[in-house]
Amino acid sequence: MSFPACYQVYGRDFFIEPASAQFANAVFQDEYQVDVLRSHQVRTILDIGAHVGSFTVLCHHYWPEARIVAVEPHPESFELLVRNTEHIPEENLTLINAAVAPESGRCILSSPVSHSRVSEYVPKVWESIEPRHSDFGLQVDCISPKDLWKKLGDVGIDEIDLLKLDCEGAEYLIVSEFAALGLMERIGWIRGEWHSRKDNLLLAGFLGQTHVFNIDPNHPHSVGMFVAHRA
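Sequence positions in the sequence shown follow the numbering used here and run 794 to 1024.
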């Protein structure tokens, strides 16, 4: 691991690889539009694509009694996630070191040309979005959306008040699988980042079955934010 930079966040040390500092700062500057939810009772949070813990730390600061499950595949990012969340009581936090993929097991985690670890993707997932290199990367554990929901049940969670998705294309897989399993109606608010403009109609179709949503087109970029709440 490269030597991480250390910042002060809510009066505590927060460690991150320097190339990704701007992304963490965006989270703390309310990129995911969760500040408007602070007055609501948020009891359960699922953070998929937790990176080094920015969103998890933010949510614990907002809702210290909430139960948070944070999912992050990259081993080095996960190491910093563990470090940055040491202050969160064990009964309030579950960390899962895995990528979300069509099937549980092992998969390749690849990265575009970047020194930041915020853009790793699972080629098997990304193939449905657009062509990308798929023959390089590191092997990591992966978990299917169905098995992920089972893990939530193992820690006593059967509904998600707040779901955050920033998982490099896996958002389509996750939403579609949760919809197929009839689980979307158990999810309250959703905050996420989309990664395929051509698949946003698909995303809208699944979200629209159970949620009121807005997908930011963010022209001309090929990435943007989306928000939703249960209808």
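Don't be surprised by glycine CBs; every beta carbon is placed ideally from N, CA and C.
None of these values were measured; they are calculated from a predicted model.
So, for residue i: in the same chain, excluding its five sequence neighbours on each side, which residues have a beta-carbon less than 6 Å away from its beta-carbon?
{"i": "Gly985", "result": "Leu958, Glu964 and Phe1019"}
{"i": "Gly1017", "result": "Trp987, Asp1009 and Asn1011"}
Express the C-alpha separation of residue j and residue i in angstroms, rounding to a whole number.
{"i": "Thr1003", "j": "Leu956", "result": "14 Å"}
{"i": "Gly1001", "j": "Gly949", "result": "28 Å"}
{"i": "Asn1007", "j": "Ile838", "result": "20 Å"}
{"i": "Leu931", "j": "Pro938", "result": "21 Å"}
{"i": "Glu978", "j": "Glu970", "result": "13 Å"}
{"i": "Ile980", "j": "Glu961", "result": "21 Å"}
{"i": "Arg860", "j": "His833", "result": "15 Å"}
{"i": "Gly804", "j": "Ala817", "result": "16 Å"}
{"i": "Leu1029", "j": "Val845", "result": "Outside the displayed span of the chain (794 to 1024) sits residue 1029, for which this structure offers no information."}
{"i": "His1022", "j": "Phe808", "result": "32 Å"}
{"i": "Asp823", "j": "Trp982", "result": "15 Å"}
{"i": "Pro882", "j": "Ala819", "result": "25 Å"}
{"i": "Ala945", "j": "Pro1013", "result": "At residue 945 the sequence reads Leu, which differs from the Ala that was named. Computed Cα separation, rounded: 37 Å."}
{"i": "Leu966", "j": "Asp947", "result": "22 Å"}
{"i": "Glu952", "j": "Asp806", "result": "31 Å"}
{"i": "Leu1084", "j": "Tyr800", "result": "Coverage of the chain is limited to positions 794 through 1024, which leaves residue 1084 absent and any answer about it impossible."}
Suppose the cutoff is 7 Å on Cβ atoms and the five residues either side in sequence are ignored; what does the same chain contact list for residue i look like?
{"i": "Arg990", "result": "Ser1015"}
{"i": "Tyr825", "result": "Phe848, Lys957 and Arg984"}
{"i": "Ile922", "result": "Caution is warranted here: a pLDDT of 49 is assigned to Ile922, below 50, making its placement in the model unreliable, and no coordinate value can be reported."}
{"i": "Val968", "result": "Leu996, Phe999 and Leu1000"}
Among the options, which one has its Cα closest to the Cα of residue i?
{"i": "Asn1011", "options": "His988, Gly804, Asp934 and Ile983", "result": "His988"}
{"i": "Arg831", "options": "Val845, Ala819, Ala817 and Leu851", "result": "Leu851"}
{"i": "Arg876", "options": "Ala843, Leu902 and Cys900", "result": "Ala843"}
{"i": "Ser897", "options": "Tyr825, Phe808, His833 and Lys943", "result": "Lys943"}
{"i": "Val933", "options": "Leu941, Glu824, Cys900 and Glu952", "result": "Cys900"}
{"i": "Leu941", "options": "Leu994, Asp992, Trp982 and Thr887", "result": "Thr887"}
{"i": "Leu995", "options": "Leu874, Ala972, Pro1013 and Leu976", "result": "Ala972"}
{"i": "Val827", "options": "Tyr800, Asp806 and Trp856", "result": "Trp856"}
Which term fits residue i, buried or exposed, when burial requires 16 or more other beta carbons within 10 angstroms of its beta carbon?
{"i": "His758", "result": "The structure shown does not extend to residue 758, since the chain is modelled only from 794 to 1024, so the question has no answer here."}
{"i": "Asp840", "result": "buried"}
{"i": "Ser954", "result": "The amino acid at residue 954 is misidentified as Ser; the sequence shows Asp. Buried, since its Cβ has 16 or more Cβ neighbours within 10 Å."}
{"i": "Ala1024", "result": "exposed"}
{"i": "Val829", "result": "exposed"}
Quick one: residues in its chain with C-beta nearer than 8 Å to the C-beta of residue i, no 5 flanking neighbours on either side, listed in chain order?
{"i": "Phe821", "result": "Val802, Ser847 and Leu851"}
{"i": "Glu858", "result": "Arg836 and Asn885"}
{"i": "Ala997", "result": "Phe1006 and Ile1008"}
{"i": "Thr878", "result": "Gly846, Thr849, Val850, His853, Ala863, Leu886 and Leu888"}
{"i": "Leu974", "result": "Pro938, Lys939 and Trp942"}
{"i": "Cys935", "result": "Pro866, Ala891, Ala892, Val893, Ala894, Glu896, Ser897, Gly898, Arg899, Cys900 and Val915"}
Do the region 887-904 and the region 859-872 touch if we need at least three Cβ pairs shorter than 8 Å?
-> The region 887-904 makes contact with the region 859-872, as at least three CB pairs between them are under 8 Å.
Contact the region 799-819 vs the region 869-879: 3+ CB pairs below 8 Å | A contact exists between the region 799-819 and the region 869-879.
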